[in-house]
Amino acid sequence: MLDKKRLFRELAEDYRRSHKQSEAFFNQALKCQIGGGSHNLRLFQPFPYYVAFCSGSKVNDIDGVSYIDFWQGHFGNILGHNPPVVLNSIIEFFRGGQGLASGFPGRFQKELAELILERVGAEKIRFTTSGTLATMYAIMLSKAYTGRNLVVKIGGGWHGAQPYTLKGIAALSHKDQPGLAPNPSSEVSCPDCPDLTDTQRPQRQRPALPWARRGPATWSGKSPPRPSK
Ligand SMILES: Cc1ncc(COP(=O)(O)O)c(C=O)c1O
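Numbering (the working numbering), first residue to last: 182 to 410.
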């Protein structure tokens, strides 16, 4: 019978022999990055390889090993890594005076919105900076719209690192992560900035904040009502 433990040990030994630079880099990265990288999924055992450059279907690591990449940026790179059509457009975009993030709405956002709406047949769009935010807003919006509170998600499914969707990712072990908020709205307190003395006041003495109750209404860009004291 196949001895899996032995097989994994031998594969890890092989991997260590061919990835000496990555191992050294990993040990350095551990000193400044939690777990040596930015996403647990990518931090496989005994240590991840570190990428030097990517092109098309290939990823090349700092040890000079080349891989065919079937993962492609969590499947976001539908044209492969650094396709010239995308690369040249980005270069042109930057040369035209656009930055990574100006912090202001620009005409390209509207053009992209129109393009996406035309493709998916939706009415309107709101861009978010991550999938995590998109799923959180979607849940808050549906709770506010339906007036219901219960959210059902498939155990073990990953929908980003936010309070609602972190619940149940460890479904197989039936153990949630420590620090997870069982009820985010009762556990998050919002003192009136800059009145920081308010943080000293016990939660039960503080009236519920109107915008906390109203939730997604504050996303409309209108100033939220101030809480009554
Ligand atoms: C289904 C799903 N939802 C949400 C997310 C979170 O996206 P992001 O990493 O952009 O925050 C992911 C990321 O892997 C995902 O796979």
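Beta carbons are placed, not taken as given, at the ideal position from N, Cα and C, and that holds for glycine.
Whole-angstrom C-beta distance between residue j and residue i, which should lie under 8 Å
i           : j           : result
residue 318 : residue 309 : 6 Å
residue 234 : residue 204 : In fact, because the Cβ distance is near 20 Å, the residues do not count as touching under 8 Å.
residue 337 : residue 350 : 6 Å
Residue from the options with nearest C-alpha to residue i
i           : options               : result
residue 246 : 256, 231, 253 and 259 : 231
residue 305 : 314, 215, 351 and 291 : 291
residue 130 : 275, 285, 202 and 255 : Since the first and last residues shown for the chain are 182 and 410, residue 130 lies out of range.
residue 343 : 360, 327 and 329      : 360
residue 313 : 322, 329 and 346      : 346
residue 123 : 339, 282 and 289      : Coverage of the chain is limited to positions 182 through 410, which leaves residue 123 absent and any answer about it impossible.
residue 220 : 341, 363 and 348      : 341
residue 331 : 258, 363, 224 and 208 : 363
Classification of residue i by the beta-carbon crowding that lies within 10 angstroms, buried from 16 upward
i           : result
residue 183 : exposed
residue 210 : buried
residue 249 : exposed
residue 255 : exposed
residue 206 : buried
residue 316 : buried
residue 388 : For residue 388, the predicted model reports a pLDDT of 47, less than 50, meaning its position is unreliable; a value from the coordinates is still stated below. Flag for residue 388 reads exposed.
residue 200 : buried
Where the beta strand (DSSP E) containing residue i begins and where it ends
i           : result
residue 239 : 239-242
residue 234 : 232-236
residue 271 : Where residue 271 is concerned, there is no enclosing beta strand (DSSP E), although the alpha helix (DSSP H) it sits in stretches over 265-276.
Extent of the continuous alpha helix (DSSP H) to which residue i belongs
i           : result
residue 318 : 312-327
residue 199 : 185-199
residue 335 : First-last for residue 335: undefined, no H or E at that position.
residue 249 : No alpha helix (DSSP H) contains residue 249, which is instead part of the beta strand (DSSP E) from 247-249.
residue 491 : Limits of the chain in this structure are 182 at one end and 410 at the other, which puts residue 491 out of reach.
residue 290 : 288-301
residue 253 : 253-256
Would the segment 223-240 and the segment 254-262 be scored as touching if the rule is three or more Cβ pairs under 8 Å?
yes
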